[in-house]
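**Q** One structure follows; several queries about it will come next.
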Amino acid sequence: MIQSYTQLAQLEEHYDAIVIGSGMGGLTTAAILAKEGQKVLVLERHYIAGGFTHVFKRKGYEWDAGIHYIGEVHKKNSLLRKLFDYISNGELKWADIGEVYDRIFIGDQQFDFVKGVNNFKKQMISCFPEEEGAINKYVDLVFKAVASSKNYYMSKVLPSFVDALFGKWMKKSFYHFSDRTTDEVLRSLTKNETLIKVLTGQYGDYGLPPKQSSFSMHASVARHYFDGGNFPIGGSSQIVKTIAPVIAASGGAILVNAEVKEVLIEKNRAVGVLMNDGKIVRAKKVVSDAGIMTTYLKLLPEATVEKHKLKAQSQKVNRSVAHTSLCIGFKATPQELDLPKTNFWIYPAQGDHDTCVDRYLNDLNQPFPVIYLSFPSAKDPDWLNRYPGKSTIDIITLIPYETFAKWEDKPWGKRGKDYEALKEEIAQRLLKELYKHLPQVEGKVDYYELSTPLSTKHFVNYEKGEIYGLDHSPARFRQSFLKPKTPIKNFYLTGQDIVTAGIGGALVSGALTGIAMTGKNILKKL
Ligand SMILES: Cc1cc2nc3c(=O)[nH]c(=O)nc-3n(C[C@H](O)[C@H](O)[C@H](O)COP(=O)(O)OP(=O)(O)OC[C@H]3O[C@@H](n4cnc5c(N)ncnc54)[C@H](O)[C@@H]3O)c2cc1C
Numbered sequence: 014m015i016q017s018y019t020q021l022a023q024l025e026e027h028y029d030a031i032v033i034g035s036g037m038g039g040l041t042t043a044a045i046l047a048k049e050g051q052k053v054l055v056l057e058r059h060y061i062a063g064g065f066t067h068v069f070k071r072k073g074y075e076w077d078a079g080i081h082y083i084g085e086v087h088k089k090n091s092l093l094r095k096l097f098d099y100i101s102n103g104e105l106k107w108a109d110i111g112e113v114y115d116r117i118f119i120g121d122q123q124f125d126f127v128k129g130v131n132n133f134k135k136q137m138i139s140c141f142p143e144e145e146g147a148i149n150k151y152v153d154l155v156f157k158a159v160a161s162s163k164n165y166y167m168s169k170v171l172p173s174f175v176d177a178l179f180g181k182w183m184k185k186s187f188y189h190f191s192d193r194t195t196d197e198v199l200r201s202l203t204k205n206e207t208l209i210k211v212l213t214g215q216y217g218d219y220g221l222p223p224k225q226s227s228f229s230m231h232a233s234v235a236r237h238y239f240d241g242g243n244f245p246i247g248g249s250s251q252i253v254k255t256i257a258p259v260i261a262a263s264g265g266a267i268l269v270n271a272e273v274k275e276v277l278i279e280k281n282r283a284v285g286v287l288m289n290d291g292k293i294v295r296a297k298k299v300v301s302d303a304g305i306m307t308t309y310l311k312l313l314p315e316a317t318v319e320k321h322k323l324k325a326q327s328q329k330v331n332r333s334v335a336h337t338s339l340c341i342g343f344k345a346t347p348q349e350l351d352l353p354k355t356n357f358w359i360y361p362a363q364g365d366h367d368t369c370v371d372r373y374l375n376d377l378n379q380p381f382p383v384i385y386l387s388f389p390s391a392k393d394p395d396w397l398n399r400y401p402g403k404s405t406i407d408i409i410t411l412i413p414y415e416t417f418a419k420w421e422d423k424p425w426g427k428r429g430k431d432y433e434a435l436k437e438e439i440a441q442r443l444l445k446e447l448y449k450h451l452p453q454v455e456g457k458v459d460y461y462e463l464s465t466p467l468s469t470k471h472f473v474n475y476e477k478g479e480i481y482g483l484d485h486s487p488a489r490f491r492q493s494f495l496k497p498k499t500p501i502k503n504f505y506l507t508g509q510d511i512v513t514a515g516i517g518g519a520l521v522s523g524a525l526t527g528i529a530m531t532g533k534n535i536l537k538k539l
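Residue numbers (the numbering used here): 14 to 539.
In structure tokens, the structure reads:
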């Protein structure tokens, strides 16, 4: 069902749709089309399918590239759960990561985000008793901002004439929240700097600190996790494994090692794709899950980009920050190492989040502005069946692409001694932080490997190693071109740039693209 590109010749010659990229958005659209009886070919350039849902293996360990926890999927009636059940025929299973999903460390202080919104409020109020009013108002605003997003996202699939009539009205209340930064909204509620720093302690989930991020994005992440976090049982690879049979059931396939060079456009109509090796694959419709920047600046022919002024559109949005990730393996079980399921967010004591980011960007030797510790092997109840006697930890922090830009033309695995030395220096700094918080693992590391923004570029094709596609500033949410339908006939967009970063965002985006392509409201069906 997931096949290599070399098998293309043995497959059908004509497809109803081609999806470029097998990320969460692309897989969702492909499965939705397949459920409507369409034959869909998913083309993935990496040798592993799944985009950021893929797992990679080294030296007998496995790490998840872009999943640490997902909210809402444990509730059978939530939209995200229904969507996952629909596209995986109910085969994807979830494990709760426990009562405390996130723990925020600010210097020596720690604050728990406890599952259940009332528990969350109680916990916050117990830490900041004089801020009870502000905390209650904050939670209310989070719910209001999220409620306003439903119409906004649905407006992305309205036919143009309906959008012209009702779009403005449908988006109005969303813009009330999305036009303001997270910092502006929080400062309207409290002057308590520590409380602001704690409540925005998940900003790493969307990559922009409070003075730059849209409150709508912040609210969407905060709300998403209020009822706790979940992890796919069997690891992130289960996502593509359970969706692939749904695509295959209608005669479709997922091909890896299948890099698309260009979308074929004839008379302003997408008719297929040109592969990197020169082969042409035709289809009635083409969808790109490769991100706006890659799609506009690399995959569409220049004449099309010029005709629709797509370059100018791409300049209205910014790429998100890049990251580095230290993947660590231990020859001991999560229980033996006493690893938690809770994610740790570690912040410097001094300065608000924006100050910490600025300080670090000016001098990378300053403390990391955020360090995220995740314990995937402790979260997955199936882990020990696959990896007996072992466990893993991931450490993530932000790092500018420019730090590694001078090696961008060197091939993966052969970037030389200086590159390796810089990686080692960063790895040691991150390990030091790990030992501060989990002293019991010191001396027990069996293997570690640091990914850089060049790894993200190499494996997932984000040109500047963007962790989350486009950044989530107020301006981003004002861009009407971030929607499934494009000015090119039969050519559609999907993935995190259309809704927001996050598995939930890409999933919903995949569904919206499915709606735009079939004209059927799949969400109503669910
Ligand atoms: C380190 C990290 C941690 C994260 N943690 C979480 C988390 O805990 N919870 C959560 O909800 N979200 C998390 N996210 C975010 C989430 O993983 C992403 O937002 C989401 O998976 C993006 O999905 P997408 O559909 O946009 O496609 P992507 O996953 O970006 O996939 C795009 C695919 O297109 C392919 N492609 C590109 N160009 C071509 C081409 N020319 N030909 C063929 N294929 C091509 C790429 O190889 C890639 O596979 C995390 C992300 C990262 C990076």
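Even glycine gets a Cβ: it sits at the ideal position worked out from N, Cα and C.
Of all the options Tyr74, Asn375 and Thr507, which has the alpha carbon lying nearest to the alpha carbon of Lys169?
**A** The residue labelled residue 169 in the question sits at position 156 within the sequence shown. Minimum Cα distance to Lys169 is reached at Thr507.
**Q** Among residues of its own chain, excluding the 5 on either side of Trp396, which ones have a beta-carbon nearer than 6 Å to its beta-carbon?
**A** Position 383 of the sequence shown, counted from the start, is the residue given in the question as residue 396. The residues are Ser390.
**Q** Under a three-way DSSP split, which group does Arg526 fall into?
**A** As a working mapping, residue 526 is identified with position 513 in the sequence shown. Rather than Arg, the amino acid found at residue 526 in this sequence is Thr. Note: Thr526 maps to helix in three-state DSSP.
**Q** Can you name, in chain order, every residue of its own chain whose Cβ lies under 6 Å from the Cβ of Thr308, other than the five neighbours on each side?
**A** For the purposes of this step, residue 308 is identified with residue 295 of the sequence shown, where counting begins at 1. Excluding sequence neighbours, Thr308 sits near Ser301.
**Q** Buried or exposed: Lys498, going by 16 or more other Cβ atoms within 10 Å of its Cβ?
**A** The residue you call residue 498 lines up with position 485 of the sequence shown. With 16 or more other Cβ atoms within 10 Å, it is buried.
**Q** Please classify Val286: is it buried, with 16 or more other beta-carbons within 10 angstroms of its beta-carbon, or exposed?
**A** For the purposes of this step, residue 286 is taken as the residue at position 273 of the sequence shown. That one is buried.
**Q** Looking only at its chain, what residues have a beta carbon closer than 7 Å to the beta carbon of Glu25, apart from the 5 residues adjacent to it on each side?
**A** Residue mapping note: residue 25 aligns to position 12 of the sequence shown, counting from 1. Around Glu25: Lys52 and Gly264.
**Q** At the level of alpha carbons, what is the spacing between Phe239 and Asp422?
**A** Residue numbering aside, residue 239 sits at position 226 when the sequence shown is read from its first letter. Residue numbering aside, residue 422 sits at position 409 when the sequence shown is read from its first letter. Roughly 43 Å separates the two Cα atoms.
**Q** Could you tell me the boundaries of the beta strand (DSSP E) in which Tyr385 lies?
**A** Your numbering for residue 385 matches position 372 in the sequence shown. Element bounds for Tyr385: Ile384 to Ser387.
**Q** What does the Cβ neighbour count give for Glu145, buried or exposed, with the cut at 16 atoms within 10 Å?
**A** Reading the sequence shown from its first residue, position 132 is the one you call residue 145. So Glu145 ends up on the exposed side.
**Q** Report yes if the C-beta of Ile15 is less than 7 Å from at least one heavy atom of ligand 1; otherwise report no.
**A** In the sequence shown, counting from the first residue as 1, residue 15 sits at position 2. No, the beta carbon of Ile15 sits no closer than 7 Å to any heavy atom of ligand 1.
**Q** Assign Pro466 to one of three DSSP states: helix, strand, or coil.
**A** By 1-based counting over the sequence shown, the position of residue 466 is 453. Pro466: helix per DSSP, three-state reduction.
**Q** Quick check on this structure: which residue in Met306, Val512 and Leu268 has the alpha carbon closest to the alpha carbon of Arg58?
**A** Translated into the one-based positions of the sequence shown, residue 58 becomes position 45. When only C-alpha atoms are compared, the closest one is Leu268.
**Q** Examine ligand 1 and report whether any of its heavy atoms sits within less than 7 Å of the Cβ of Glu37.
**A** Reading the sequence shown from its first residue, position 24 is the one you call residue 37. The displayed chain sequence assigns Met, not Glu, to residue 37. For ligand 1, at least one heavy atom lies less than 7 Å from the Cβ of Met37.
**Q** Just to confirm, are His336 and Ile480 a CB contact at a threshold of 8 Å?
**A** What you label residue 336 is simply residue 323 of the sequence shown in a count that begins at 1. What you label residue 480 is simply residue 467 of the sequence shown in a count that begins at 1. A contact, by the Cβ cut-off of 8 Å.
**Q** May I have the straight-line CA-CA distance separating Ile260 from Gly79, to the nearest angstrom?
**A** The sequence position of residue 260 within the sequence shown is 247, counting from 1. The sequence position of residue 79 within the sequence shown is 66, counting from 1. Those two C-alpha atoms are separated by around 22 Å.
**Q** Could you check if Asp367 belongs to the surroundings of ligand 1, using beta carbon to heavy atom distance under 7 Å?
**A** Numbered from its first residue, the sequence shown carries residue 367 at position 354. For ligand 1, not one heavy atom lies less than 7 Å from the Cβ of Asp367.
**Q** In the DSSP assignment, what residue or residues form a beta bridge with Glu340?
**A** For the purposes of this step, residue 340 is taken as the residue at position 327 of the sequence shown. According to the sequence shown, residue 340 is Cys rather than Glu. DSSP, once it has assigned bridges, lists Asp407 and Glu462 as partnering Cys340.
**Q** Is it true that the CB of Tyr82 sits closer than 8 Å to the CB of Ser405?
**A** If you number the sequence shown from 1, residue 405 lands on position 392. If you number the sequence shown from 1, residue 82 lands on position 69. The sequence as given places Thr at residue 405; Ser does not occur at that position. Going by C-beta atoms, Thr405 is not nearer than 8 Å to Tyr82.
**Q** Hey, would you say the C-beta of Asp109 is under 7 Å away from at least one heavy atom of ligand 1?
**A** If you number the sequence shown from 1, residue 109 lands on position 96. No, the Cβ of Asp109 stays beyond 7 Å of every heavy atom of ligand 1.
**Q** As a quick exercise: from Ala519, Ile359 and Met167, pick the residue whose alpha carbon is nearest that of Lys449.
**A** Within the sequence shown, residue 449 is the residue found at index 436, counting from 1. Closest option to Lys449, Cα to Cα, is Ile359.
**Q** How would you label Lys436, buried or exposed, when you count the other beta carbons within 10 angstroms and need 16 or more for buried?
**A** Stepping through the sequence shown from its first residue, residue 436 is reached at position 423. Counting Cβ neighbours within 10 Å, Lys436 comes out buried, since at least 16 surround it.
**Q** From this set, Ser493, Glu446, Thr469 and Glu455, which residue's C-alpha is nearest Phe417's C-alpha?
**A** By one-based count along the sequence shown, residue 417 stands at place 404. That would be Thr469, whose Cα lies nearest to the Cα of Phe417.
**Q** Work out the CA separation of Tyr219 and Lys210 for me, nearest whole Å.
**A** What you label residue 210 is simply residue 197 of the sequence shown in a count that begins at 1. What you label residue 219 is simply residue 206 of the sequence shown in a count that begins at 1. Near 15 Å, if we compare the C-alpha coordinates of Tyr219 and Lys210.
**Q** Do you know offhand how far Asn331's Cα is from Asn243's?
**A** Locating residue 331 in the sequence shown gives position 318, where the first residue counts as 1. Locating residue 243 in the sequence shown gives position 230, where the first residue counts as 1. Taking the straight line joining both Cα atoms gives about 30 Å.
**Q** Would you kindly check if the distance between the Cβ of Leu520 and the Cβ of Leu96 is under 8 Å?
**A** As a working note, residue 96 is residue 83 in the sequence shown. As a working note, residue 520 is residue 507 in the sequence shown. It is a contact, given that the beta carbons lie within the stated cut-off.
**Q** Can you tell me whether DSSP reads Met167 as helix, strand or coil?
**A** Reading the sequence shown from its first residue, position 154 is the one you call residue 167. It is helical.
**Q** Quick one: complete alpha helix (DSSP H) runs, 4+ long, within the stretch 60 to 131?
**A** Entirely contained in the stretch 60 to 131, the alpha helix (DSSP H) runs reaching 4 residues are, in chain order, 92 to 100.
**Q** On the three-state DSSP scale, how would you describe Ala232?
**A** Numbered from its first residue, the sequence shown carries residue 232 at position 219. In the structure shown, Ala232 sits in a helix (DSSP, three-state: H, G or I).
**Q** So what's Phe494 in DSSP terms, helix, strand or just coil?
**A** To locate residue 494, count along the sequence shown from 1; it is residue 481. In the structure shown, Phe494 sits in coil (DSSP, three-state: anything other than H, G, I, E or B).
**Q** Phe343 and Lys445 - do their beta-carbons sit closer together than 8 Å?
**A** In the sequence shown, residue 445 corresponds to position 432, counting from 1. In the sequence shown, residue 343 corresponds to position 330, counting from 1. Cβ distance not < 8 Å, so Lys445 and Phe343 don't count as in contact.
**Q** Please report the distance separating the alpha-carbon of Tyr151 from that of Lys135.
**A** Locating residue 151 in the sequence shown gives position 138, counting from the first residue. Locating residue 135 in the sequence shown gives position 122, counting from the first residue. Using only the alpha carbons, I get a separation of about 13 Å.
**Q** With DSSP run on the structure shown, which of helix, strand or coil describes Pro424?
**A** Counting from 1 along the sequence shown, the entry for residue 424 is found at position 411. Residue state, collapsed to three classes: coil.
**Q** To which residues of the same chain is Thr255 closer than 8 Å at the C-beta, ignoring the five residues directly before and after it?
**A** Within the sequence shown, the letter at position 242 stands for residue 255. Here the set comprises Ser101, Asn102, Glu104 and Leu105.
**Q** Kindly indicate which three-state DSSP category Lys502 falls into: helix, strand or coil?
**A** Working through the sequence shown from its first residue, we reach residue 502 at position 489. In the structure shown, Lys502 sits in a strand (DSSP, three-state: E or B).
**Q** Using the three-state DSSP reduction, which class does Ile511 fall into: helix, strand or coil?
**A** Along the sequence shown, read from residue 1 onward, the residue named residue 511 stands at position 498. In this structure, Ile511 counts as coil in the three-state DSSP scheme.
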